[in-house]
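Below: the structure, in structure tokens.
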Amino acid sequence: MFGRAQKTGSKESIQLARHAGERLHTFHGGLRLRHNKKISCETPLQRAALPQRLYVPLLQHSGQEAEPTVEQGQKVLKGEQIGCYRHLGSGSVHAPTSGTVSAIIRHPISHPSGEEGRCIVIRPDGLDQWKELEPMEDWRSARPEALRECIRQSGIVGLGGAVFPTAYKVQEASRRGIHTLVLNGSECEPYISCDEMLMREQPDSIVLGAQILQRAVGAERTIIAIEDQMGAVHHALSEAVRRSGALDIEIVKVTTIYPEGGEKQLIQVLTGLEVPSGGRPSDLGLLCQNVATATAVARAVTEGKPLIERIVTVSGSGVRKPGNLLAAIGTPISDLVDRCGGYEPDAARLVLGGPMMGYPLATDANPVTKAANCVLVLSEADIRPPQAEMPCIRCGECARVCPAMLLPQQLNRYIRADSWEESRQAGLRDCIECGCCDFVCPSHIPLVEWFRFGKSKLRELDSEKLKSATAKERFEAREARLERDKLERRHRRAEKKKALHDDLKKKEKIAEAVERARKRREETE
Ligand code: SF4
Ligand code: SF4
Numbered sequence: 015m016f017g018r019a020q021k022t023g024s025k026e027s028i029q030l031a032r033h034a035g036e037r038l039h040t041f042h043g044g045l046r047l048r049h050n051k052k053i054s055c056e057t058p059l060q061r062a063a064l065p066q067r068l069y070v071p072l073l074q075h076s077g078q079e080a081e082p083t084v085e086q087g088q089k090v091l092k093g094e095q096i097g098c099y100r101h102l103g104s105g106s107v108h109a110p111t112s113g114t115v116s117a118i119i120r121h122p123i124s125h126p127s128g129e130e131g132r133c134i135v136i137r138p139d140g141l142d143q144w145k146e147l148e149p150m151e152d153w154r155s156a157r158p159e160a161l162r163e164c165i166r167q168s169g170i171v172g173l174g175g176a177v178f179p180t181a182y183k184v185q186e187a188s189r190r191g192i193h194t195l196v197l198n199g200s201e202c203e204p205y206i207s208c209d210e211m212l213m214r215e216q217p218d219s220i221v222l223g224a225q226i227l228q229r230a231v232g233a234e235r236t237i238i239a240i241e242d243q244m245g246a247v248h249h250a251l252s253e254a255v256r257r258s259g260a261l262d263i264e265i266v267k268v269t270t271i272y273p274e275g276g277e278k279q280l281i282q283v284l285t286g287l288e289v290p291s292g293g294r295p296s297d298l299g300l301l302c303q304n305v306a307t308a309t310a311v312a313r314a315v316t317e318g319k320p321l322i323e324r325i326v327t328v329s330g331s332g333v334r335k336p337g338n339l340l341a342a343i344g345t346p347i348s349d350l351v352d353r354c355g356g357y358e359p360d361a362a363r364l365v366l367g368g369p370m371m372g373y374p375l376a377t378d379a380n381p382v383t384k385a386a387n388c389v390l391v392l393s394e395a396d397i398r399p400p401q402a403e404m405p406c407i408r409c410g411e412c413a414r415v416c417p418a419m420l421l422p423q424q425l426n427r428y429i430r431a432d433s434w435e436e437s438r439q440a441g442l443r444d445c446i447e448c449g450c451c452d453f454v455c456p457s458h459i460p461l462v463e464w465f466r467f468g469k470s471k472l473r474e475l476d477s478e479k480l481k482s483a484t485a486k487e488r489f490e491a492r493e494a495r496l497e498r499d500k501l502e503r504r505h506r507r508a509e510k511k512k513a514l515h516d517d518l519k520k521k522e523k524i525a526e527a528v529e530r531a532r533k534r535r536e537e538t539e
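Numbering (our numbering) for the sequence shown: 15 to 539.
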């Protein structure tokens with residue numbers, strides 16, 4: 015039903031306005047986009063029913079896929095670990111309900127590459143029976159390391175889209191020293207409203223999660239950043255902070271300019287400080303986490319529940335009743351669309367994520383993953399007809415809107431010319447793939463596609479460089495060892511020779527002494 019396409023939104027469906035800095039600090043560039051969040055916020059949060067089969071991908075986080083810890087035919091309880099992380103920079107996965115592992119297969123997963131991934135297929139038994147839960151007794155007096163371990167064991171990753179393992183991020187940040195925790199509730203992409211819904215409906219769990227994360231990282235205070243148009247959210251969160259009695263949590267409204275929800279941009283808006291190129295917020299003593307991640311942390315620590323579900327916005331003019339659904343990880347996207355009344359007859363494209371940073375899906379059989387914040391169904395009318403790419407006219411529009419202060423036209427030239435060192439020097443790694451340059455380019459150049467390709471190429475080159483450096487190191491170590499062995503052998507030979515020589519001398523001396531004694535005996539006789 016859904017074909018692949020290069021761009022996910024249209025200039026007609028998203029009105030463009032110029033960035034005009036208003037309050038707090040500002041960041042360079044950005045776009046003011048028309049928001050379409052209201053359509054999915056009109057109904058309260060609903061729970062999606064459990065499907066016939068859950069397809070739980072083993073790779074739902076950055077790093078390597080988890081190692082399966084279950085076998086086909088095995089019975090599992092809700093919350094039981096079914097895939098274990100392979101290294102600290104990856105994540106574990108857990109059973110979203112009780113049932114039987116019916117298979118471990120390759121299946122379409124939601125990834126920009128469109129490739130299939132290994133999934134554990136669970137046939138629910140309808141009992142939805144939890145494993146024995148072991149919440150922490152008193153998190154307020156728990157050691158930060160114990161909190162981080164609990165977060166790690168619960169398979170929590172950044173739910174804002176980056177899916178970086180939270181425990182690892184917190185551990186790295188606390189090593190560097192953090193004074194402020196920033197909870198990001200500013201979803202600047204049009205259509206996506208899952209965080210807004212969460213902040214409205216579960217503000218207490220967000221505040222609790224903030225307090226736990228603050229302790230786990232050793233921060234002195236927390237700032238919860240929300241969009242200035244979220245009046246109801248501000249009220250709900252303020253009440254939750256009051257109820258908690260916390261005096262070190264502040265709620266700050268930020269102007270809704272895309273991509274303000276980006277970690278680096280949000281920090282610049284809140285502090286006026288720029289995260290250095292190639293650096294992290296922790297370089298400035300800050301740690302940024304999504305509000306949904308804070309809720310997952312609160313649940314893991316105080317209830318002992320791992321991350322097995324998330325809120326997904328189902329929206330767009332191609333779906334009958336847009337809304338926000340709390341869905342078990344592994345639920346097929348088709349089930350979510352059915353729960354929202356099904357497709358409109360003119361539904362034309364399925365996108366995972368928002369219209370700016372999302373990517374098209376070829377099928378709605380893909381399961382919900384920890385990264386799936388939005389399922390967008392666009393209709394024929396939303397999609398701009400494919401435009402032929404034209405040469406760059408050097409208008410500079412792309413550089414004007416780039417929030418990372420890059421020169422996209424130049425980056426594009428370097429990548430097309432395979433000039434990888436120049437691309438690196440020009441800051442390709444700092445591109446956050448926000449799509450602003452793509453959006454304004456009058457020549458319809460698919461800049462973000464080139465940047466994604468370029469970044470993957472840099473990763474490949476870095477890994478080759480690392481491999482050859484390791485091989486060189488090994489070779490040099492081997493050569494040094496051989497040389498050492500040679501010298502040792504030579505030394506041993508010389509020692510042996512000397513010992514033989516000394517032995518010979520000794521024998522000669524003994525023989526001479528014996529001879530002398532013999533002669534003396536003969537003379538006395
Ligand atoms: S916006 Fe497009 S045409 Fe204009 S400078 Fe950038 S790449 Fe070239
Ligand atoms: S996609 Fe990259 S280069 Fe383009 S505007 Fe965003 S950060 Fe800048």
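No residue lacks a Cβ here, since even glycine has one placed at the ideal position from N, Cα and C.
A contact between stretches requires three or more CB pairs, one per stretch, nearer than 8 Å, and the segment 347–360 fails this requirement with the segment 71–80. Within the same chain, and ignoring the five residues on either side of SER116 in sequence, the residues whose Cβ sits closer than 6 Å to its Cβ are VAL135 and ARG137. Fully contained in the segment 332–360 are the following beta strand (DSSP E) runs of length 3 or more, in chain order: 337–342. Judged by DSSP in its simplified three-state form, SER104 adopts coil rather than helix or strand. Bounds of the alpha helix (DSSP H) holding SER470 are 461–538.
Remark: the shortest separation between the CB of CYS302 and any heavy atom of ligand 1 does not fall under 8 Å. The three-state secondary structure of VAL289, taken from DSSP, is coil.
A contact between stretches requires three or more CB pairs, one per stretch, nearer than 8 Å, and the segment 284–304 fails this requirement with the segment 57–72. Taking all protein chains shown into account, LYS267 has 16 or more neighbouring C-beta atoms within 10 Å of its C-beta and is therefore buried.
DSSP places LYS278 within a helical segment (H, G or I) once states are collapsed to three. It is roughly 16 Å from the alpha-carbon of ARG530 to the alpha-carbon of LYS519.
Nearest to ASN50 by alpha-carbon distance, out of ASP396, ARG488 and ASP517, is ASP396. A contact between stretches requires three or more CB pairs, one per stretch, nearer than 8 Å, and the segment 225–243 fails this requirement with the segment 333–347. At a cut-off of 4 residues, the continuous stretches assigned as alpha helix (DSSP H) that sit fully inside the segment 195–240 are 208–215 and 217–231. Separation of the CB atoms of VAL326 and ALA341 is rounded to 5 Å, and the pair is thereby assigned contact status at 8 Å. Secondary structure remark: continuous beta strand (DSSP E) runs of at least 3 residues inside the segment 55–100, in chain order: 68–71 and 95–98. Spanning the alpha carbons of ASN387 and ILE123 requires a straight line of approximately 14 Å. Closer than 8 Å to some heavy atom of ligand 2: that describes the Cβ of CYS448. In the three-state reduction of the DSSP assignment, ILE134 falls in the strand class, which pools E and B. When secondary structure is reduced to three states using DSSP, HIS121 falls in the strand class. Here ASP209 is buried. Its C-beta has 16 or more other C-beta atoms within 10 Å. The residue from SER329, GLN185, SER477 and PRO400 with its alpha-carbon nearest to that of ALA160 is GLN185. Scanning its chain for C-beta atoms nearer than 8 Å, with the 5 sequence neighbours on each side dropped, one finds around ILE119 the residues ARG132, CYS133 and VAL135, in chain order. The alpha-carbon of ASP452 is positioned some 9 Å away from that of MET370. At a threshold of 8 Å, ILE407 counts as near ligand 1, since its beta carbon sits closer than that to one of the ligand's heavy atoms.
Approximately 4 Å separates the beta-carbon atoms of VAL107 and GLY97; this is inside 8 Å, confirming the contact. Counting C-beta pairs closer than 8 Å gives fewer than three between the segment 240–254 and the segment 418–436, which falls short of the contact rule.
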